[in-house]
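Undergrad: Chains A and B are the protein sequences, given in the same order. No gaps in the numbering here: position 206 of the first sequence is 206 in our numbering, and each next residue is one more. Going from the second sequence to our numbering is simple: count from 1 and add 215.
2 protein chains.
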Amino acid sequence: MAEEHGAAGAIDTRDLPIRDPYPHLSPTAQRILEAAIRILDREGFNALTFEAIAAESGENRASIRYHFGSKAGLVSVLVDAVMYDGSLELIGAVAHTEAGEQRRRALIEAHREVALRVHEYTAFYDLVPHIVRDPELRERFRQLFVWYRDLDSWALSGSDDPAAGNPYRQLATLTTAMLDGLGLQLLADPDFDLRPAFDLWARMVCDYVERIAAG
Amino acid sequence: MAEEHGAAGAIDTRDLPIRDPYPHLSPTAQRILEAAIRILDREGFNALTFEAIAAESGENRASIRYHFGSKAGLVSVLVDAVMYDGSLELIGAVAHTEAGEQRRRALIEAHREVALRVHEYTAFYDLVPHIVRDPELRERFRQLFVWYRDLDSWALSGSDDPAAGNPYRQLATLTTAMLDGLGLQLLADPDFDLRPAFDLWARMVCDYVERIAAG
DNA sequence: GTCTATATTGGGATAGAC
DNA sequence: GTCTATCCCAATATAGAC
Numbered sequence: 001m002a003e004e005h006g007a008a009g010a011i012d013t014r015d016l017p018i019r020d021p022y023p024h025l026s027p028t029a030q031r032i033l034e035a036a037i038r039i040l041d042r043e044g045f046n047a048l049t050f051e052a053i054a055a056e057s058g059e060n061r062a063s064i065r066y067h068f069g070s071k072a073g074l075v076s077v078l079v080d081a082v083m084y085d086g087s088l089e090l091i092g093a094v095a096h097t098e099a100g101e102q103r104r105r106a107l108i109e110a111h112r113e114v115a116l117r118v119h120e121y122t123a124f125y126d127l128v129p130h131i132v133r134d135p136e137l138r139e140r141f142r143q144l145f146v147w148y149r150d151l152d153s154w155a156l157s158g159s160d161d162p163a164a165g166n167p168y169r170q171l172a173t174l175t176t177a178m179l180d181g182l183g184l185q186l187l188a189d190p191d192f193d194l195r196p197a198f199d200l201w202a203r204m205v206c207d208y209v210e211r212i213a214a215g
Numbered sequence: 216m217a218e219e220h221g222a223a224g225a226i227d228t229r230d231l232p233i234r235d236p237y238p239h240l241s242p243t244a245q246r247i248l249e250a251a252i253r254i255l256d257r258e259g260f261n262a263l264t265f266e267a268i269a270a271e272s273g274e275n276r277a278s279i280r281y282h283f284g285s286k287a288g289l290v291s292v293l294v295d296a297v298m299y300d301g302s303l304e305l306i307g308a309v310a311h312t313e314a315g316e317q318r319r320r321a322l323i324e325a326h327r328e329v330a331l332r333v334h335e336y337t338a339f340y341d342l343v344p345h346i347v348r349d350p351e352l353r354e355r356f357r358q359l360f361v362w363y364r365d366l367d368s369w370a371l372s373g374s375d376d377p378a379a380g381n382p383y384r385q386l387a388t389l390t391t392a393m394l395d396g397l398g399l400q401l402l403a404d405p406d407f408d409l410r411p412a413f414d415l416w417a418r419m420v421c422d423y424v425e426r427i428a429a430g
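#1: For chain A, check one thing: does any of its Cβ atoms lie closer than 7 Å to the Cβ of B:A223?
#2: Could you tell me the distance, in whole angstroms, from the CA atom of B:R253 to the CA atom of A:Y208?
#3: Using the C-alpha atoms, what's the distance from A:P23 back to A:I64?
#4: Does the stretch 254-261 of chain B come close enough to the stretch 332-344 of chain B to have 3 or more Cβ pairs within less than 8 Å?
#5: If we call anything under 7 Å between Cβ atoms a contact, is A:I18 one with A:R140?
#6: Check each candidate in B:M393, B:P382, B:D230 and B:A314 and name the one with the smallest Cα separation from B:W416.
#7: Taking A:E34 as part of the alpha helix (DSSP H), name the residues at either end of that continuous run.
#8: Skipping 5 residues on each side, what residues in its chain have a beta carbon closer than 6 Å to that of B:A379?
#9: Give the single residue among A:A106, A:A54, A:D85 and A:A95 whose Cα lies nearest to the Cα of A:K71.
#10: Are there three or more Cβ pairs, one per stretch, closer than 8 Å when the stretch 404-415 of chain B is compared with the stretch 346-363 of chain B?
#11: Under a CB-based cut-off of 7 Å, is A:P196 close to chain B?
#12: Where does A:S76 land, buried or exposed, given buried means 16+ other C-beta within 10 angstroms?
#13: How many angstroms separate the CA atom of B:Q245 from the CA atom of B:E304?
#14: When you compare the CB of A:D150 with every CB in chain B, is at least one pair closer than 7 Å?
#15: Can you give me the C-alpha to C-alpha distance between B:P236 and B:V343, rounded to a whole angstrom?
#16: Could you name the residues of chain A that B:Y299 contacts, counting a contact when the two beta carbons are closer than 7 Å?
#17: Inspect the beta-carbon positions of A:D180 and B:G396 and report whether they are closer than 7 Å.
#18: For A:D85, which three-state DSSP category applies?
#19: State the CB to CB distance for the pair A:I91 and A:D12, rounded to an integer number of angstroms; the pair is presumed to be in contact (CB under 8 Å).
#20: Nearest-angstrom Cα distance between A:A93 and B:A277?
#21: Kindly list, in the order they appear in chain A, the residues whose Cβ is closer than 8 Å to that of B:Y340.
#22: Give the straight-line distance between the Cα atoms of B:R229 and A:L171, rounded to the nearest whole angstrom.
#23: Since B:A429 is in the alpha helix (DSSP H), which residue starts that stretch and which ends it?
#24: For A:W201 and chain B, any beta-carbon pair shorter than 7 Å?
#25: Between the alpha carbons of B:L402 and A:F50, how many angstroms are there, rounded?
#26: Taking all protein chains shown into account, do 16 or more other C-beta atoms lie within 10 angstroms of the C-beta of A:E56, making it buried, or fewer, making it exposed?
#27: Check A:L48 in the structure and name its three-state DSSP category.
#28: Since I believe A:T28 is in contact with B:A412 (beta carbons under 8 Å), could you give me their beta-carbon distance rounded to a whole number of angstroms?
#29: Relative to the C-alpha of B:L240, which candidate in B:L331, B:L263, B:A251 and B:H282 has its C-alpha closest?
#30: I think B:L293 touches B:L231, with their Cβ atoms under 8 Å apart; what is that distance to the nearest whole Å?
#31: Could you pull the start and end residues of the alpha helix (DSSP H) that B:E354 belongs to?
#32: Using a cut-off of 8 Å between C-beta atoms, extract the partners of B:F260 located in chain A.
#33: With a threshold of 6 Å, establish whether the CB of B:L366 neighbours any heavy atom of the ligand GDP.
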């Protein structure tokens, strides 16, 4: 009675516009990248200097340039790592669910979990100004949104057929926007309880999906 | 048959957690501030140096420090100016509308207009990382969100009584989040057409409001 | 591959002339 | 109130020793 995993895997990591940077890095480079992410979370983009990264990682200043070429090279990999982490969680939650109501619930629950963790949004919003002004990074950013809308509409449709997601495309756009926007309100006030708002959204989505399904 | 303006003005600029910085500035300081905003829009926060502002405004480097005390002082006023501009437009759209359907429509139309102009979101998202890390700025940011939720729920309720907005508070949170999130998607892709998504949102809001009103 | 030392740039702050 | 000159510092980049 369970769906075949192959079918449910119609959307997986291979469709992601970004890839996991870690497997392509030497152990030293991985340590540097991890240190850079910690600094970005804690102190923001402006604190992301070779000096600070060297201290945090235990590596030498010059070693950072050796492994990543330049500041821009490091930032590019950093952006991939942050984006990839966020996407991976969503894929993991829905990729192997059965078609139908179960998948829709899994998607909404995964969204809720992500939304409630402000910590990841700090690094994300720190990177946005730089992503938007770098043509290459912005293109990856754009593709990531496309991917999010694809995944969301696919999961909302509850069908394994990607084309079935089309009626849900605008709803997916709204859901993605909602999550980013709620993250911003959480940044403004870490004590703000966004669960009631999220619950309302989940109800509105379910109502809408039922109406679509009913014709 | 029209409501009194005094009553419709239950929410106005006096309730804003930030004030218009311009009236308190000398003509020179105003020119400097305008130049700073242009640079922020065009080149981002990192390009916002005394050097660049002096060149853009035609004023002298030292004059900037004289008028704003320090870089942080300038940024603080800059944040107020950007936030105030966004808020003013929304107030203008709904403050003098009649209670009921007209006000709800005015609110939604005002939101649509703001959402479609990516240009203002660039400066906003450039400032976010700095706002979030400065306790004073973040507090004003938090209060601004509270104000947005108040205004939105008040306008959605269609009543002049502020308390009538309570059932719409979560919906207001979602609307605010939606707009910020759509702005982000527009930053990622200026050609992305978010009107269909916005139309869907307007419909979902109307449906919800009708259901609440019906009891 | 790794590190030291140094070059170069550009930021904000300060003091004081006008 | 406005501007000039200068100081200090921190950042990335470079060259070359090991």
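Quick reminder that beta carbons are idealized off the backbone N, C-alpha and C, glycines included.
TA: The short version:
#1: Position 8 of the second sequence, counting from 1, holds the residue named residue 223 of chain B. At B:A223 the pLDDT is 45, less than 50, meaning the model places this residue with poor confidence; the figure from the coordinates comes in the next sentence. Not an interface residue.
#2: Position 38 of the second sequence holds residue 253 of chain B. Position 208 of the first sequence holds residue 208 of chain A. When rounded, the separation of the alpha-carbon atoms in B:R253 and A:Y208 is 42 Å.
#3: Working through the first sequence from its first residue, we reach residue 64 of chain A at position 64. Working through the first sequence from its first residue, we reach residue 23 of chain A at position 23. The alpha-carbon separation between A:I64 and A:P23 amounts to approximately 17 Å.
#4: Contact between the stretch 254-261 of chain B and the stretch 332-344 of chain B is present: three or more C-beta pairs spanning the two stretches fall below 8 Å.
#5: Position 18 of the first sequence, counted from the start, is the residue given in the question as residue 18 of chain A. Position 140 of the first sequence, counted from the start, is the residue given in the question as residue 140 of chain A. Yes, these two residues count as a Cβ contact at 7 Å.
#6: Along the second sequence, read from residue 1 onward, the residue named residue 416 of chain B stands at position 201. Considering only alpha carbons, the answer is B:M393.
#7: Looking up residue 34 of chain A in the first sequence gives position 34. P27 to E43 is the extent of the alpha helix (DSSP H) around A:E34.
#8: Indexing the second sequence from 1 puts residue 379 of chain B at position 164. The residues are S372.
#9: Counting from one through the first sequence, the residue named residue 71 of chain A turns up at place 71. Out of A:A106, A:A54, A:D85 and A:A95, the CA that lies nearest to the CA of A:K71 is found in A:A54.
#10: Short answer: they don't touch.
#11: Translated into the one-based positions of the first sequence, residue 196 of chain A becomes position 196. A:P196 has a beta carbon lying within less than 7 Å of a beta carbon in chain B.
#12: Against the first sequence, residue 76 of chain A aligns to sequence position 76. Result: buried.
#13: The residue you call residue 245 of chain B lines up with position 30 of the second sequence. The residue you call residue 304 of chain B lines up with position 89 of the second sequence. One Cα belongs to B:Q245, the other to B:E304, and the distance between them is close to 20 Å.
#14: On the first sequence, position 150 is the one that residue 150 of chain A refers to. A:D150 does not count as touching chain B.
#15: Numbered from 1 along the second sequence, position 21 holds the residue referred to as residue 236 of chain B. Numbered from 1 along the second sequence, position 128 holds the residue referred to as residue 343 of chain B. The straight-line gap from Cα to Cα measures roughly 19 Å.
#16: If you number the second sequence from 1, residue 299 of chain B lands on position 84. Those do not exist, as B:Y299 stays about 16 Å from chain A at its closest Cβ, beyond 7 Å.
#17: Here the question's residue 180 of chain A lines up with position 180 in the first sequence. Here the question's residue 396 of chain B lines up with position 181 in the second sequence. One thing to note: A:D180 has its Cβ within 7 Å of the Cβ of B:G396.
#18: As a first step, residue 85 of chain A must be located in the first sequence, where it is residue number 85. In the displayed model, A:D85 falls within a helix according to three-state DSSP.
#19: In the first sequence, counting from the first residue as 1, residue 91 of chain A sits at position 91. In the first sequence, counting from the first residue as 1, residue 12 of chain A sits at position 12. Confirmed, Cβ separation roughly 6 Å.
#20: On the first sequence, position 93 is the one that residue 93 of chain A refers to. On the second sequence, position 62 is the one that residue 277 of chain B refers to. Here the C-alpha atom of A:A93 lies approximately 56 Å from the C-alpha atom of B:A277.
#21: The count along the second sequence starts at 1 and reaches residue 340 of chain B at position 125. Simply Y125, V128, P129 and V132.
#22: For the purposes of this step, residue 229 of chain B is taken as the residue at position 14 of the second sequence. For the purposes of this step, residue 171 of chain A is taken as the residue at position 171 of the first sequence. Taking the straight line joining both Cα atoms gives about 36 Å.
#23: The residue labelled residue 429 of chain B in the question sits at position 214 within the second sequence. It spans R410 to A429 - the alpha helix (DSSP H) in which B:A429 sits, taken as one unbroken run.
#24: Reading the first sequence from its first residue, position 201 is the one you call residue 201 of chain A. Output row for A:W201: interface = yes.
#25: As a first step, residue 402 of chain B must be located in the second sequence, where it is residue number 187. As a first step, residue 50 of chain A must be located in the first sequence, where it is residue number 50. Their Cα atoms are separated by approximately 29 Å.
#26: Looking up residue 56 of chain A in the first sequence gives position 56. That one is buried.
#27: Counting from 1 along the first sequence, the entry for residue 48 of chain A is found at position 48. Annotated three-state conformation of A:L48 is coil, per DSSP.
#28: For the purposes of this step, residue 412 of chain B is taken as the residue at position 197 of the second sequence. For the purposes of this step, residue 28 of chain A is taken as the residue at position 28 of the first sequence. Not quite, the Cβ-Cβ distance comes to about 44 Å (not below 8 Å), so this is no contact.
#29: Locating residue 240 of chain B in the second sequence gives position 25, counting from the first residue. By alpha-carbon distance to B:L240, the top candidate from B:L331, B:L263, B:A251 and B:H282 is B:H282.
#30: Counting from 1 along the second sequence, the entry for residue 293 of chain B is found at position 78. Counting from 1 along the second sequence, the entry for residue 231 of chain B is found at position 16. For B:L293 against B:L231, the beta-carbon gap comes to about 17 Å, at or over 8 Å, which does not count as contact.
#31: Here residue 354 of chain B is taken as the residue at index 139 of the second sequence, counted from 1. It spans P350 to S372 - the alpha helix (DSSP H) in which B:E354 sits, taken as one unbroken run.
#32: Taking the first residue of the second sequence as 1, we reach residue 260 of chain B at position 45. Here the neighbours are P129.
#33: Absence of the ligand GDP from the depicted structure is noted, as is the absence of any ligand whatsoever, leaving it without description.
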